[in-house]
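S.K.: Starting off with a structure, shown below.
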Amino acid sequence: MSATGSGNADAQRIAAGVYTIDPARSVVSFQTRAIFGLTGVKGTFDLDSGTVTVADPVEDSTVEAVVSASGFSSGNTQRDNHVRSADYLDAERHPHFSFVGERLERSGERGVLVGRLTVKGVTQPQTLDITNVSGDEHGLTARATTTVDRFDYGVTKAPGMTGRKLHITLDVAARR
Numbered sequence: 003m004s005a006t007g008s009g010n011a012d013a014q015r016i017a018a019g020v021y022t023i024d025p026a027r028s029v030v031s032f033q034t035r036a037i038f039g040l041t042g043v044k045g046t047f048d049l050d051s052g053t054v055t056v057a058d059p060v061e062d063s064t065v066e067a068v069v070s071a072s073g074f075s076s077g078n079t080q081r082d083n084h085v086r087s088a089d090y091l092d093a094e095r096h097p098h099f100s101f102v103g104e105r106l107e108r109s110g111e112r113g114v115l116v117g118r119l120t121v122k123g124v125t126q127p128q129t130l131d132i133t134n135v136s137g138d139e140h141g142l143t144a145r146a147t148t149t150v151d152r153f154d155y156g157v158t159k160a161p162g163m164t165g166r167k168l169h170i171t172l173d174v175a176a177r178r
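Residue numbering for the sequence shown is 3 to 178, as defined by our numbering.
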């Protein structure tokens, strides 16, 4: 099965099957703005687990990923603890958020993974742009990007001081 349409026109052949995402080799990073847009904030989330099911045809491929809310890290302990608190992610009551990708659509030289993101018990439609796909019958790597509006998930604290939109990049490595 060819990965054509899933991110790179020249992507290597990736065998159909179930691939387990390796959290140690995968990164979920984010960028946002703070203090009324005057400063940038970058950081990461811990990826707990996930699977990529490559289908034939590739448009039927699916993804499931679970991210740890307590794994939010921006390099500022005070901010990180506040974001994990009930004011924002409420990691104690909602320890994980998840993405379920239900189908892959083609859009020029990239794929668009259509699915649902659940944060704090709220599920909303979400798409991921898929690029940089490569792999073989043993494993695959890919990059996914999206923008998440935290207000869509009831995370509305401090609208001027905390960026409303998070630009998320997932660099994923998975093995069969």
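For each residue, glycine too, the CB sits at the ideal point set by N, CA and C.
When you compare the CB positions of Gly19 and Phe47, do they come within less than 7 Å of one another, or not?
M.R.: Taking 7 Å as the Cβ cut-off, Gly19 and Phe47 do not qualify as a contacting pair.
S.K.: Can you determine whether any heavy atom of the ligand MN sits closer than 6 Å to the C-beta of Phe47, and answer yes or no?
M.R.: The ligand MN is not part of this structure, which contains no ligands at all.
S.K.: What would DSSP say about Asn83, mapped onto helix, strand or coil?
M.R.: Of the three classes helix, strand and coil, the one that applies to Asn83 here is helix, per DSSP.
S.K.: Quickly, what does DSSP pair Val184 with across the bridge? List them, please.
M.R.: In this structure the chain extends from 3 to 178, so residue 184 is not present and cannot be described.
S.K.: Under a three-way DSSP split, which group does Arg27 fall into?
M.R.: The answer is helix: DSSP assigns Arg27 an H, G or I state.
S.K.: According to DSSP, Tyr21 sits in a beta bridge with which residue or residues?
M.R.: Val54, per the DSSP bridge assignment.
S.K.: Would you identify the three-state DSSP class for Asp173, choosing helix, strand or coil?
M.R.: Asp173 falls in the strand class under three-state DSSP.
S.K.: For Glu107, name the three-state secondary structure that DSSP assigns.
M.R.: Here Glu107 sits in strand by DSSP.
S.K.: Does the Cβ-Cβ distance between Ile16 and Gly137 come in under 7 Å?
M.R.: Yes, Cβ-Cβ distance for Ile16 and Gly137 is below 7 Å.
S.K.: How far does the beta strand (DSSP E) with Ile132 in it reach, from first residue to last?
M.R.: Here the beta strand (DSSP E) through Ile132 covers 124-137.
S.K.: Determine whether the beta carbon atoms of Leu142 and Ala88 lie at a separation below 7 Å.
M.R.: Result no, Cβ atoms of Leu142 and Ala88 do not sit closer than 7 Å.
S.K.: Excluding the 5 residues preceding and the 5 following Leu130 in the sequence, name in chain order all residues of the same chain whose CB lies nearer than 6 Å to its CB.
M.R.: Excluding residues within five positions, the ones whose Cβ falls inside 6 Å are Leu115, Ala146, Thr148.
S.K.: In whole angstroms, give me the CA-to-CA distance for Ile132 and Leu49.
M.R.: In a straight line, the C-alpha of Ile132 is about 18 Å away from that of Leu49.
S.K.: Taking one C-beta from the region 149-168 and one from the region 106-124 each time, how about it: are there three or more such pairs within less than 8 Å?
M.R.: A contact exists between the region 149-168 and the region 106-124.
S.K.: By how many angstroms is the C-alpha of Ser75 removed from the C-alpha of Val68?
M.R.: Rounded to the nearest angstrom, the two C-alpha atoms are 16 Å apart.
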